[in-house]
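Here the structure is laid out as structure tokens; the discussion comes afterwards.
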Amino acid sequence: MVRNSSARKKTYALLDSGSEASLITECLARKLGLSLKPTGVCLTTFKDRQPIPTLTVSFEVASCEGTYAPQVSEAFTANGVNLFAQKNRQFSSEGQLVSCRRHATE
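For the sequence shown, this note's numbering assigns the number 898 to the initial residue and increments by one for each residue that follows.
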């Protein structure tokens, strides 16, 4: 579950404490009413060398039971970022870290 003080959405998330950045789709960030802050950072991926403009947001990720709820500060918004598994197999956009397409209404 992704949430802030006033809204929450059930979604799929990949938690990686060793990652250099946290990502959330801009669509989901807007649906949650998160405060979107412009940033000078542009994301690039191994496959796509075109810079992707991004915003920063803060939110909380919680387990469905609510027993684990870390705060995520200064995550980047990203849409259409392709993730790769071993052997360069491409995941669909539904495999994004936090995808607007996969959230459920409560």
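Every residue, glycine too, gets a C-beta built ideally from N, C-alpha and C.
The structure presented is a predicted model; accordingly, all values stated were derived computationally and were not measured.
Compare the beta carbon distance of residue i and residue j with 8 Å and say whether it is the shorter of the two.
{"i": "residue 900", "j": "residue 962", "result": "no"}
{"i": "residue 922", "j": "residue 951", "result": "no"}
{"i": "residue 929", "j": "residue 906", "result": "yes"}
{"i": "residue 908", "j": "residue 925", "result": "yes"}
Assign residue i to one of three DSSP states: helix, strand, or coil.
{"i": "residue 952", "result": "strand"}
{"i": "residue 931", "result": "coil"}
{"i": "residue 940", "result": "strand"}
{"i": "residue 925", "result": "helix"}
{"i": "residue 974", "result": "strand"}
Can you list, in chain order, the residues of its chain whose CB lies under 8 Å from that of residue i, leaving out five sequence neighbours each side?
{"i": "residue 934", "result": "952, 953 and 954"}
Leaving out five residues on either side along the sequence, give the residues of the same chain with a beta carbon under 6 Å from the beta carbon of residue i.
{"i": "residue 968", "result": "957"}
Here's a check: name, in chain order, each residue in its chain whose Cβ is nearer than 7 Å to the Cβ of residue i, leaving out the five neighbours to either side.
{"i": "residue 970", "result": "955"}
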